[in-house]
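Engineer:
Numbering (the working numbering), first residue to last: 1184 to 1428.
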């Protein structure tokens, strides 16, 4: 296998032996890949192409080999993007961690590559961070075969009703709740009107919190209860900002 100038993004890297790195990348046509980047940590008078290996920057990667780890043979810049800072930077790391944790290697996911690029562009442009994250999360769930159906319930396939309330059950979907259940446990429920707004991609008002809770619930099932490091960093960042303010 020899691939030339494949559009890609760096998801994660770590040192390997004396001057190399092990990379996790997301590519346009081949999905998530593991690559060995030999010699990229070695200092060079003329500069090293390894300096191009930065997260969130569009890349063009050439690589060869088979098996679980392929060999990086060339790197080129794939275009420019504004640097991420603050909450946008931490949100970018969150996207990367989700991709590494949930995408299988060597499984082409062109829709996820496109959704990732759109999310990064929104973060770089200073757009609504939460909207960008929710859109990527739901796209990721769809690609993995765990689509959250937002317009029909999982009990009998009936349409989601504006004034009804629902719980979410992984693997089953949204389950209608009787009035008694609504009175007993309102915090664990989703209002139908909010669910339908999320289905339209409208995250304004209470629909935004509904989308966040629902995406977290669906992703938690796939993550197997293991916490996300990026989420912990985000909370620490918020605490420091609050303390300094």
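Beta carbons: idealized from backbone N, C-alpha and C, even for Gly. In this text, all values refer to a predicted model and were calculated from it rather than measured experimentally.
Suppose contacts are defined by Cβ-Cβ distances below 8 Å. Is residue 1270 in contact with residue 1386 by that definition?
Structural biologist: Against a cut-off of 8 Å, the Cβ pair of residue 1386 and residue 1270 comes out as no contact.
Engineer: Using the three-state DSSP reduction, which class does residue 1208 fall into: helix, strand or coil?
Structural biologist: Residue state, collapsed to three classes: strand.
Engineer: Which residue or residues does DSSP assign as beta-bridge partners of residue 1400?
Structural biologist: Beta-bridge pairing links residue 1400 to no other residue.
Engineer: In chain order, which continuous runs of the alpha helix (DSSP H) of length 4 or greater are located wholly inside the region 1302 to 1379?
Structural biologist: Those alpha helix (DSSP H) runs which fall completely within the region 1302 to 1379 and span 4+ residues are 1312 to 1326, 1362 to 1367.
Engineer: Under 8 Å Cβ to Cβ from residue 1389, same chain only, skipping five residues before and after it: list those, please.
Structural biologist: So the qualifying residues of the chain are 1374, 1377.
Engineer: Whole angstroms are fine: how far does the CA of residue 1241 sit from the CA of residue 1307?
Structural biologist: So the two alpha carbons sit approximately 13 Å from each other.
Engineer: Leaving out five residues before and five after residue 1265 in sequence, what residues of the same chain have Cβ atoms less than 8 Å from its Cβ?
Structural biologist: Closer than 8 Å at Cβ, skipping near neighbours: 1307, 1308.
Engineer: Kindly indicate which residue of 1184, 1300, 1246, 1394 has the alpha-carbon position closest to the one of residue 1192.
Structural biologist: For the residues 1184, 1300, 1246, 1394, the minimum Cα distance to residue 1192 belongs to 1300.
Engineer: Using a 10 Å radius around the Cβ and a threshold of 16 neighbouring Cβ atoms, would you call residue 1393 buried or exposed?
Structural biologist: By the neighbour-count rule (16 or more Cβ atoms within 10 Å), residue 1393 is buried.
Engineer: So, do the region 1315 to 1335 and the region 1281 to 1297 have three or more beta carbon pairs nearer to each other than 8 Å?
Structural biologist: Cβ pair count under 8 Å is three or more, so yes.
Engineer: Does residue 1423 pass the burial test, meaning 16 or more other C-beta atoms within 10 Å, or should it be called exposed?
Structural biologist: Result: exposed.
Engineer: Near residue 1185, what residues of its chain come up, given a Cβ to Cβ distance below 7 Å and the 5 sequence neighbours on each side ignored?
Structural biologist: Here the set comprises 1247.
Engineer: What residue range is occupied by the uninterrupted beta strand (DSSP E) comprising residue 1216?
Structural biologist: Its beta strand (DSSP E) spans residues 1214 to 1220.
Engineer: How about residue 1196 and residue 1204: do their beta carbons lie closer than 8 Å?
Structural biologist: Their beta carbons are under 8 Å apart, which means residue 1196 touches residue 1204 by this criterion.
Engineer: With three or more C-beta pairs closer than 8 Å as the rule, is the region 1395 to 1410 touching the region 1338 to 1350?
Structural biologist: Short answer: they don't touch.
Engineer: Could you tell me which of 1274, 1357, 1401, 1288 sits nearest to residue 1416, measuring between CA atoms?
Structural biologist: Among 1274, 1357, 1401, 1288, the Cα nearest to that of residue 1416 is on 1274.
Engineer: How far does the alpha helix (DSSP H) with residue 1284 in it reach, from first residue to last?
Structural biologist: 1269 to 1285 is the span of the alpha helix (DSSP H), which, as asked, contains residue 1284.
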